[in-house]
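Numbering (full-length UniProt numbering), first residue to last: 1 to 350.
Don't be surprised by glycine CBs; every beta carbon is placed ideally from N, CA and C.
Given below as C-alpha cells:
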C-alpha cells in the first residue's frame, strides 16, 4: 500500500525512491486505476476527496445517479445501475434479496449511501453497495413521507414517518430506531390541513413542509411538534408543484418547479418565520429527488454554483439560476430507460 507520508527506501547504493500518497496522483491517472478495480473498493481512505469521479471533482462530494428496479423469477432481485460522473461510466449490480415481501417496494429516502424503502406499512433499509438489509417494524399507518437522521448502523439513527392530507386537520407521526420491535406509539397532532410534501432532518429535529409552504418541526428528544409558520406562504400558482426541501448547515430551502423546466427557490428566514424568494444559491448546487442534497461549489468546482440538478424524462438536467434556463447535464449524460426509480445517492465511503 502506498504510504501517507513521504519516505525514502534504500535499494542499491546511491539509489532511492520516494513513496507518495495516493492523493498526490493526477485525477486522470487515478481514474485509470479505478476503472480496473471494483467500483466500491476503489476509493482508499487517504484519497476520499478525489473519489475517482473525474476532472474538477476533487473537492466536491458529488452524488451518483442511481436507477433501481426489482426483478422476480421466484426469487426477488434488486437491479441497480450506478451512473458515475466519469467518462459516462455506469456499473450494474444484480443482487438476490431474501424476502418476497420486499418486491416492488419504493424508495422513500436516500442518505449516506443507504436507501429507505417502503411497501404498504412495511419498510426497510437497503445498502445497494453492500447488499445489506435492515428490516424495520411494520407501521400502523400508511405514511406520506419518511426519512432518517443518520447512518442506519449508528446507534443514534432515528426513522421518522408522517401522514397528513388536505382532507383532515389531524396528522400522524411515528418514529423508530433500527433494532426496535415496533414503532413508537403513533401520535396524533393538529396539522395545517395540507398534504406533507417533503421532510428533512437537522440538529435533532425533523422539518416538514406542506402544500403552500407551511413548515412544521418535530423535536426528537422531547417528542414535541410545532407549526412554525402560517399556511399559504408561497404563490398559489406553485401549489400543483411538489416542494423539494433542502437542508445545509441549519439553513432550509424549498424548490418548486414552475413552468417548463424552470424553478423557483425560497430560503427560510428564521427571524421572520417566513419563506423569502431567492435568486441565488451562493456557493452551492442542489440535487433534487426523493431526498435532495446541497453540495459545496467553490474553488475548482465553482462552475457548479447556482445550479439545480434534477431528473427529466429519460435524462438528467440542470437549471441555472444565472441563465434562467435548463440544460442537459454534461456530467450525467446517460440516457436512461423509463420505469426504474431514479435517485441521487452519495458515493460509498471506504
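Asked                                                                                                                                                                                            : Found
Give me the DSSP bridge partner(s) of residue 343.                                                                                                                                               : 66
Check whether the Cβ atoms of residue 293 and residue 253 lie closer than 9 Å to each other.                                                                                                     : no
May I have the straight-line CA-CA distance separating residue 261 from residue 329, to the nearest angstrom?                                                                                    : 13 Å
DSSP on residue 299, reduced to helix/strand/coil?                                                                                                                                               : helix
Just to confirm my understanding: we take residue 157, look at its own chain, exclude 5 residues before and 5 after, and list those with CB closer than 7 Å. What are they?                      : 148, 149, 150, 151, 177 and 178
How would you label residue 43, buried or exposed, when you count the other beta carbons within 10 angstroms and need 16 or more for buried?                                                     : Here the model assigns residue 43 a pLDDT of 37, short of 50, so the residue's position is not dependable and the matter cannot be decided.
Measuring only the C-alpha atoms, how far is residue 168 from residue 298?                                                                                                                       : 45 Å
Taking the beta carbon of residue 270 as the centre, do at least 16 other beta carbons fall within 10 Å, making it buried, or is it exposed?                                                     : exposed
When the Cα atoms are used, what is the spatial distance from residue 93 to residue 204?                                                                                                         : 35 Å
Residue 345 and residue 70 - do their beta-carbons sit closer together than 9 Å?                                                                                                                 : no
Among the candidates 196, 322 and 136, whose CA atom is the shortest distance from the CA of residue 170?                                                                                        : 196
Which residue's Cα is closest to the Cα of residue 251: 80, 201 and 290?                                                                                                                         : 201
Which word fits residue 190, buried or exposed, when buried means at least 16 other C-beta atoms lie within 10 angstroms of its C-beta?                                                          : exposed
Identify, in the order they occur along the chain, each residue of the same chain with its Cβ nearer than 8 Å to the Cβ of residue 120, setting aside the five sequence neighbours on each side. : 142
Ignoring anything shorter than 3 residues or poking outside the region 208-286, list the beta strand (DSSP E) runs there in chain order.                                                         : 215-219, 224-227, 244-248, 251-257, 263-269 and 274-278
Could you check where the beta strand (DSSP E) with residue 78 kicks off and where it finishes?                                                                                                  : 76-84
Any C-beta of chain B sitting closer than 9 Å to the C-beta of residue 80?                                                                                                                       : Here chain B cannot be found, since the structure has a single protein chain.
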